[in-house]
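To start, the structure itself, in structure tokens.
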Amino acid sequence: MLLLFSLLLLIISVLCLSLKSAAINRYNTTTDHGHSTSSVRLEKEFPGQDLPLANYPAELGLSTSNALFTAAGTSLVSALVVFLLSVRSMVKRKALQLVWYQRRALTFAFAANTIIVLAVCIFVFVQHSKSASFSLNYRNLNNDFGSGGVYNGGLFDLEAWACGVADLASFQGYDWGLKDQCMLESGSRACSLLLVVFAAIVAGCVWWDTRYGNMVITNWKGIDTDEELSYELCRGTFEMRGMKFEEDDHKG
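Numbered according to mature numbering (1 follows the signal peptide of the UniProt record, and there is no 0), the sequence shown spans residues -16 to -1, 1 to 236.
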């Protein structure tokens, strides 16, 4: 069970990193890292009007890249650890022995990863909800979209803008990759939801295995708490004393 879910989390983490990286690289290639834009006249949407529109807006922000990279990165490491431990237990046919505080620390680490991923997922969706929406009916005071056709009707995230303008008829035939960016950004946002689900499942499986399953991680020689450790030490001391008394009796 741990092997399967950790593998799925590993795949999803890599997928999230790949989708977001591809979207950013596509944007950077098209705009020379945000330093240039291109514009065309919307002749098919507004025949006979000299109304240009740039391929990117004046305000493009609300970036979630760093947050998503962090969530996917921590999930990738977590999944890899569990996957390797699961493979080890299968190969050696025995669970890894850890003392109680090590098991608790491991459980806490996976719970913390789930909290981080959940926070990032919420952040990603909140940022997207703040984005403006593209409208062909928008006009500024100069009765156009903005200076040089650069749309100045609000602050956009890359997904909202790319998905809003990708299907414009006048934009077809230009290698701006807006449809690709729309799919990649939408996919990375959806991927953050999958990260939450599988990070929580893996964390739950780790907790269950350390407490009950003992298939991948088990108690160190059966000693689970400080009280049990003290008991074992005391019992060992008494046994040693008993052996000493027996030796003294034999000598007597």
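The beta-carbon is built from N, C-alpha and C at its ideal position, and this holds for glycine as well.
Contact between L35 and D128 is confirmed by a C-beta separation of about 6 Å, below the 8 Å threshold.
S23 and E169 have their C-alpha atoms roughly 22 Å apart. Distance from N136 to G130 at the Cβ level is roughly 4 Å; contact confirmed, criterion being Cβ atoms closer than 8 Å. In the pairwise beta carbon analysis, the region 152 to 169 is classified as not touching the region 64 to 81: fewer than three pairs are separated by under 8 Å.
For Y196, the number of other beta carbons within 10 angstroms of its own is below 16, and it is reported as exposed.
The DSSP-derived three-state label of V83 is coil.
Within the DSSP bridge table, the entry for E43 names L139 as partners.
When the Cα atoms are used, S70 and C189 turn out to be separated by approximately 12 Å. Linking S47 to N203 through their CA atoms gives a straight-line distance of about 44 Å. As the crow flies, the alpha-carbon of V61 is around 30 Å from that of S113. For V65, there is no enclosing beta strand (DSSP E); the enclosing alpha helix (DSSP H) covers residues S49 to K76. Put simply, the backbone Cα of A183 is about 53 Å away from that of Q33.
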